[in-house]
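Novice: Structure provided below as structure tokens; questions to follow.
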Amino acid sequence: MSKFVNGARLLAVSGLLLLLPSYASAKCSVEEVLKMSQQGMTQDAIKASCEKTRRSGRKMFSTQPVLLEDRGKPVREMLFNIPVYDYAEEGNNYMMFPGKTAKTRVDSSTPSFLVAVPEKVQPESYVFLIELDMKRNRREVSLGSGYYSLKTGIKRKFMVPSELVEVKKSARPAPKRHKLYRLTPKEALAPEKEYALVFAVRRGSAYVGNFYDFGVD
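Here numbering that gives the first Met the number 0 is used: the first residue of the sequence shown is 0, the next is one more, and so on.
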């Protein structure tokens, strides 16, 4: 069960009520708080652990630059966004983005994106494109109960078939131990729809997502 109280999340875990700050200001991720609570840590101990994380300067979200391309040439860097997670009792979990539309707008129905993928990772399992369900004041995607496997957790109807092709030469080289790929949707994206590039990043024992949301005008 989860509710929002004064901008924070009230989450029930194994009979405990945890008051979590919003994702934008959280020192620990929801997944990390869940794991610590399931290990029997008290709320004071969880808070102390998260404060230690903040003081150590460890980044909760490690991102790689994602470039939007036009006719194969980089146009601008995509903006990283952090979703709000909502864990429903019936097993349908949601990732939600506040606001009806994304800040990043694309005027092409067939955009391409230059992305960096770790050398020893299959690109199709690491980065993919999804369509977001547009609601009155938010955009969201529904997950199955097994959200720890990010790509398999996202329901098929939200997945956008895409092609990934390795880029051998680029004006901006790949980061160390990474390869560059160009991701392009196989079919034209619908105008006035909202989408997101998702990177399945492993943190601890869970797969979580880095999200780059955008809309097509």
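Even glycine gets a Cβ: it sits at the ideal position worked out from N, Cα and C.
(1) If you run the structure through DSSP and keep just helix, strand and coil, what is S169?
(2) Taking just the CA atoms, how far does Y125 sit from F198?
(3) With a cut-off of 8 Å on the beta carbons, I'd call N91 and Y84 a contact; round off their distance for me.
(4) Whole angstroms are fine: how far does the CA of A47 sit from the CA of E191?
(5) Between the beta-carbon of V105 and the beta-carbon of L67, is there less than 8 Å?
(6) Within this structure, are the beta carbons of F127 and M158 separated by less than 8 Å?
(7) Residues bridged to M158 by DSSP?
(8) Give the range of the beta strand (DSSP E) segment to which L78 is assigned.
(9) Does DSSP classify S107 as helix, strand or coil?
(10) Flag this pair as yes or no: are the beta carbons of L182 and F79 separated by less than 8 Å?
(11) Apply the 10 Å Cβ neighbour rule to D212 and answer buried if 16 or more other Cβ atoms are within range, or exposed otherwise.
(12) What whole-angstrom Cβ distance do E123 and L179 have, given they're in contact under 8 Å?
(13) Given a cut-off of 8 Å, decide if L142 and I129 are closer than it, judged by their beta-carbon atoms.
(14) Shortest alpha-carbon distance to F96 belongs to which of K119, R70, Q63 and N136?
(15) Within a Cβ cutoff of 8 Å, which residues of the same chain sit near G214, ignoring the five residues on either side of it in sequence?
(16) Are the beta-carbon atoms of S161 and P184 separated by less than 8 Å?
(17) Could you spell out the range, first to last residue, of the beta strand (DSSP E) harbouring T100?
Specialist: Here's the rundown:
(1) The residue given as residue 169 occupies position 170 in the sequence shown. Three-state result, S169: coil.
(2) Within the sequence shown, the letter at position 199 stands for residue 198. Within the sequence shown, the letter at position 126 stands for residue 125. Using only the alpha carbons, I get a separation of about 6 Å.
(3) Taking the first residue of the sequence shown as position 1, residue 91 is located at position 92. Taking the first residue of the sequence shown as position 1, residue 84 is located at position 85. Their Cβ separation, rounded to whole angstroms, is 12 Å, which puts N91 and Y84 out of contact at 8 Å.
(4) If you number the sequence shown from 1, residue 191 lands on position 192. If you number the sequence shown from 1, residue 47 lands on position 48. If I take the Cα positions, the gap works out to 44 Å.
(5) Taking the first residue of the sequence shown as 1, we reach residue 105 at position 106. Taking the first residue of the sequence shown as 1, we reach residue 67 at position 68. Yes, Cβ-Cβ distance for V105 and L67 is below 8 Å.
(6) Position 128 of the sequence shown, counted from the first residue, corresponds to residue 127. Position 159 of the sequence shown, counted from the first residue, corresponds to residue 158. It is a contact, given that the beta carbons lie within the stated cut-off.
(7) Counting from one through the sequence shown, the residue named residue 158 turns up at place 159. Note: M158 sits in a beta bridge opposite I129.
(8) Position 79 of the sequence shown holds residue 78. Note, L78: premise wrong, no beta strand (DSSP E); not H, not E.
(9) Sequence index remark: in the sequence shown, residue 107 carries index 108 (1-based). Here S107 sits in coil by DSSP.
(10) As a working mapping, residue 182 is identified with position 183 in the sequence shown. As a working mapping, residue 79 is identified with position 80 in the sequence shown. It is not a contact, given that the beta carbons lie outside the stated cut-off.
(11) Against the sequence shown, residue 212 aligns to sequence position 213. Looking at its Cβ environment, which holds 16 or more other Cβ atoms inside 10 Å, D212 is buried.
(12) Position 124 of the sequence shown, counted from the start, is the residue given in the question as residue 123. Position 180 of the sequence shown, counted from the start, is the residue given in the question as residue 179. E123 to L179, Cβ: 15 Å. No contact.
(13) In the sequence shown, counting from the first residue as 1, residue 129 sits at position 130. In the sequence shown, counting from the first residue as 1, residue 142 sits at position 143. No, the Cβ-Cβ distance between I129 and L142 is not below 8 Å.
(14) Against the sequence shown, residue 96 aligns to sequence position 97. With distances taken between Cα atoms, F96 lies closest to N136.
(15) As a working mapping, residue 214 is identified with position 215 in the sequence shown. Answer for G214: T100, A101, T103, R104, V105, E191, K192, E193 and Y194, listed in chain order.
(16) Position 162 of the sequence shown, counting from 1, holds the residue named residue 161. Position 185 of the sequence shown, counting from 1, holds the residue named residue 184. Contact flag set, yes.
(17) Numbered from its first residue, the sequence shown carries residue 100 at position 101. Where T100 is concerned, there is no enclosing beta strand (DSSP E), given that its DSSP letter is neither H nor E.
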